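K.L.:
Submitted below is the structure of interest, expressed as C-alpha cells.
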Amino acid sequence: MTDFNRQIRDAAIVQLETLVRYAPPGRPGAKARIRRTPVMPPQASEVPCLLVYLTGQRMTADGDANHGEPSFVHEAVLNVSGVLRADKAADLDDKTSAASAEILETLLEAPEWLALIEGVSDVTQRVRFDDQAYLAAIVETSFTVTYRTSWPPRVADTFGSVSLRTPGDRLGTDYDLPT
1 MTDFNRQIRD AAIVQLETLV RYAPPGRPGA KARIRRTPVM PPQASEVPCL LVYLTGQRMT
61 ADGDANHGEP SFVHEAVLNV SGVLRADKAA DLDDKTSAAS AEILETLLEA PEWLALIEGV
121 SDVTQRVRFD DQAYLAAIVE TSFTVTYRTS WPPRVADTFG SVSLRTPGDR LGTDYDLPT
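For the record, in the sequence shown the residue sitting at position 104 is 104 according to my numbering, with numbers rising by one throughout.
Here it is, written out as C-alpha cells:
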C-alpha cells in the first residue's frame, strides 16, 4: 500500500468521527469509536464502533507503459464496517439501513475527502451478522477510489554542469548547462 492510501483512509476517519451512532453509549458529544483494522472488537462493551481499513490496490499504467517515467492509475479499496449491537430484532432492519446510508452520505458528500481522489469508481454494501462473542450486525461498505501517480527516476546527478579536463589538469574548463 502506498502512503497516499493511508492518507485517504485517515481523511475518511476524520469525516466518520462525527457519526454519533458509533460513539460510546452514555457519552453524549463523544466522537465515534474507530479502529483501523478489520478485526472485530473482542468485547461487547466496545460496540458500537467503526472498522476503517484498506484491503488492496491495483496500479495500471497511465498511458504508454514503456515511455517516460512510470505513471499509474491507482484503484484502492477502502472498507468501512459499522459494527452495531443486534440483540433487538425489532428495529434491526431500520438501524442497518440508516447506518448504510449514513456511511455513504458522510463520505460521498465530504468535499475535503473527495478532493484527495480523482473519483469513486465502485461502492459495494452488504449487511452481515457475527455471533462469535456477542450478536452484532456489521454494515460493510467498500469504496473503490481512483487517483494517479508518477514516479520520476532518482538521478544522483542532474547533469546541471560539466567539467572537462585533460590528464594532469593542464587544460580544462567548466560548463553550466541550462536546465
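A virtual CB, placed ideally from N, CA and C, is assigned to each residue, including glycine. None of the values given here were measured: they were computed from a predicted structure.
Identify the residues that DSSP records as bridge partners of Asn79: which are they?
P.N.:
The residue you call residue 79 lines up with position 79 of the sequence shown. Looking at the DSSP assignment, Asn79 forms a beta bridge with Tyr53 and Ser142.
K.L.:
Taking Ala12 as the reference, give the member of Glu140, Leu114 and Arg165 with the closest Cα.
P.N.:
By one-based count along the sequence shown, residue 12 stands at place 12. For the residues Glu140, Leu114 and Arg165, the minimum Cα distance to Ala12 belongs to Leu114.
K.L.:
Just the C-alpha distance for Val14 and Ser100, rounded to the nearest angstrom, thanks.
P.N.:
For the purposes of this step, residue 14 is taken as residue 14 along the sequence shown, with counting starting at 1. For the purposes of this step, residue 100 is taken as residue 100 along the sequence shown, with counting starting at 1. Answer to the nearest angstrom: the Cα atoms are 18 Å apart.
K.L.:
What is the rounded straight-line gap between the Cα of Tyr22 and the Cα of Val39?
P.N.:
Walking along the sequence shown from the start, residue 22 turns up at place 22. Walking along the sequence shown from the start, residue 39 turns up at place 39. Approximately 16 Å, taken between the alpha carbons.
K.L.:
Following a CB-centred definition, is Glu118 positioned closer than 8 Å to any heavy atom of the ligand ZN?
P.N.:
Judged by which ligands are present, the structure shown has none, so any question about the ligand ZN falls away.
K.L.:
Could you give the first and the last residue of the continuous alpha helix (DSSP H) run that contains Arg9?
P.N.:
On the sequence shown, position 9 is the one that residue 9 refers to. Taken as a continuous stretch (DSSP letters only), the alpha helix (DSSP H) holding Arg9 covers Asp3 to Leu16.
K.L.:
Looking at the strands, I want to know which residues DSSP matches up with Gln125.
P.N.:
For the purposes of this step, residue 125 is taken as residue 125 along the sequence shown, with counting starting at 1. According to DSSP, Gln125 bridges with Thr141.
K.L.:
How many angstroms separate the CA atom of Ala61 from the CA atom of Pro24?
P.N.:
Within the sequence shown, the letter at position 61 stands for residue 61. Within the sequence shown, the letter at position 24 stands for residue 24. C-alpha separation (whole angstroms): 44 Å.
K.L.:
Using a 10 Å radius around the Cβ and a threshold of 16 neighbouring Cβ atoms, would you call Arg58 buried or exposed?
P.N.:
Within the sequence shown, the letter at position 58 stands for residue 58. Exposed, since its Cβ has fewer than 16 Cβ neighbours within 10 Å.
K.L.:
Ends of the alpha helix (DSSP H) at Leu108?
P.N.:
For the purposes of this step, residue 108 is taken as residue 108 along the sequence shown, with counting starting at 1. Its alpha helix (DSSP H) spans residues Leu92 to Leu108.
K.L.:
Who are Met59's beta bridge partners in DSSP?
P.N.:
Working through the sequence shown from its first residue, we reach residue 59 at position 59. DSSP, once it has assigned bridges, lists His74 as partnering Met59.
K.L.:
Apart from the five residues on each side of it in sequence, which residues of its chain come closer than 6 Å, Cβ to Cβ, to Thr173?
P.N.:
For the purposes of this step, residue 173 is taken as residue 173 along the sequence shown, with counting starting at 1. Answer for Thr173: Leu164, listed in chain order.
K.L.:
What is the DSSP secondary structure of Glu171, reduced to helix, strand or coil?
P.N.:
Here residue 171 refers to the residue found at position 171 when the sequence shown is read from its first residue. According to the sequence provided, residue 171 is Leu. The question's Glu does not apply to it. Reduced to three states, the DSSP call for Leu171 is coil.
K.L.:
Hey, out of Ser161, Arg170 and Tyr147, whose CA is closest to Ala185's CA?
P.N.:
Residue 185 falls outside the range modelled here, since the chain spans only 1 to 179, and no answer is possible.
K.L.:
Quick check on the burial criterion: 16 or more other C-beta atoms within 10 angstroms. Buried or exposed for Glu109?
P.N.:
Working through the sequence shown from its first residue, we reach residue 109 at position 109. With fewer than 16 Cβ atoms within 10 Å of its Cβ, Glu109 is classed as exposed.
K.L.:
Can you say whether Thr96 is buried or exposed, counting buried as having 16 or more other CB atoms within 10 angstroms of its CB?
P.N.:
Walking along the sequence shown from the start, residue 96 turns up at place 96. Classification for Thr96: buried.
K.L.:
According to the Cβ coordinates, are Asn79 and Phe143 closer than 9 Å?
P.N.:
The residue you call residue 79 lines up with position 79 of the sequence shown. The residue you call residue 143 lines up with position 143 of the sequence shown. In contact: Asn79 and Phe143 (Cβ atoms closer than 9 Å).
K.L.:
Assuming Leu114 is part of the alpha helix (DSSP H), what are its boundary residues?
P.N.:
Counting from one through the sequence shown, the residue named residue 114 turns up at place 114. Where Leu114 is concerned, the enclosing alpha helix (DSSP H) stretches over Pro111 to Leu114.
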